[in-house]
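Encoded as C-alpha cells, the structure appears first; notes follow it.
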Amino acid sequence: MTLKGLSLPTVLAGLFLAAGTAQAQVVTKTANMNVSINIKNSCTFGTIGNLNFGSHDFAITSNVDVDASFELNCTKNTPYTIALSSGLNGTTVADRKMKSTIANATETIPYQLYKTAARGAGDVWGDTGTDVVNVTAAASAGGNKTYTVFGRVPPQTAGAAGNFADAVTITVSY
20 MTLKGLSLPT
30 VLAGLFLAAG
40 TAQAQVVTKT
50 ANMNVSINIK
60 NSCTFGTIGN
70 LNFGSHDFAI
80 TSNVDVDASF
90 ELNCTKNTPY
100 TIALSSGLNG
110 TTVADRKMKS
120 TIANATETIP
130 YQLYKTAARG
140 AGDVWGDTGT
150 DVVNVTAAAS
160 AGGNKTYTVF
170 GRVPPQTAGA
180 AGNFADAVTI
190 TVSY
C-alpha cells in the first residue's frame, strides 16, 4: 500500500517519529549558587613624617611649634582610635622628653604633641581616654586619610649641646 507515492514502511516510520516527538517533554530544573565575600575591618599605615624641631641656641625664648603628618588607610565604616605613646623617655604623655643622644647623657628637653594647631591643654594627643583620636564607623570613609601631629617645645634654657631625640609609638586600634 502506498499513500501518494509513499510506501507503508515509510508512512509508519513517519507516524512513529511524530508520535515519539509529541510525547517527549522538556524537563528543566534550577538551583541557586550562593556568592559571598568577607571584607574585614583593617587599617594600615602609609607615609609617616618625622617631627623635627630644628636647631636652636642655648635658650629657647618662645614656643617652637612644628607639625608632621602620617597616613592611615582603613576599611570604610571601620571605627578606630589613634593613640600616641609617651615616648621612650617620658613617664606619661604629660611628661614627654627628648633625651641627649650622647652615650650616658642624662639631659632632656621637654616637648608635647597635640591633636589641633591650637595646642591647648585639652588638645594633648595621648594614649588613653579623651586624649586619643576617635573615628566612628559613620565617619570612617575608607581610603587614605592624613592626620597631623602638632608639636611644641616650650621656652626653656636648654641643657648641654648636642642632638636630642625620642620615639613615639602610633597605635591604631580597630
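At position 7 of the sequence shown (counting the first as 1) the number is 26 in our numbering, and the numbers step up by one without a gap. Just so it is clear, CB atoms sit at the ideal spot from N, CA and C, and this is done for glycine as well.
Excluding sequence positions up to five before and after Leu132, its CB lies within less than 6 angstroms of the CB of Leu103, Trp144, Val168, Gly170, all in the same chain and listed in chain order. Of all C-beta pairs linking the region 65 to 80 to the region 143 to 158, fewer than three are shorter than 8 angstroms, placing the two stretches out of contact. Asp185 sits in coil when the DSSP states are folded into three classes, being neither helix nor strand. Judged by beta-carbon spacing, Lys116 lies beyond the 8 angstroms limit of Ala184, meaning their Cβ atoms are not closer than that value. Closest by C-alpha distance to Thr94, out of Asn53, Asp84, Thr120, Gly162, is Gly162. Gly65 is bridged by DSSP to nothing; it lacks a bridge partner. One alpha carbon belongs to Thr165, the other to Ser88, and they sit about 6 angstroms apart. Between the C-alpha atoms of Thr111 and Ser105 there is a straight-line separation of about 5 angstroms. One alpha carbon belongs to Ser159, the other to Thr97, and they sit about 6 angstroms apart. DSSP places Gly162 inside the beta strand (DSSP E), whose first and last residues are 162 to 172.
An exposed status is given to Ile58, since fewer than 16 other beta-carbon atoms sit within 10 Å of its beta-carbon. In the three-state DSSP reduction, Asp142 falls in the helix class (H, G or I). Straight across, the Cα-Cα distance linking Asp76 with Ala180 is about 9 angstroms. Excluding five sequence positions before and after Ser192, the CB atoms of its chain that fall closer than 6 angstroms to its own CB belong to Thr100, given in chain order. Distances from the alpha-carbon of Ala78 to those of Ile189, Ile56, Val172, Val187 put Val172 closest. Beta-bridge partners assigned by DSSP to Val191: Ile101. Of the candidates Ala136, Lys134, Leu107, Leu107 places its Cα closest to the Cα of Thr127.
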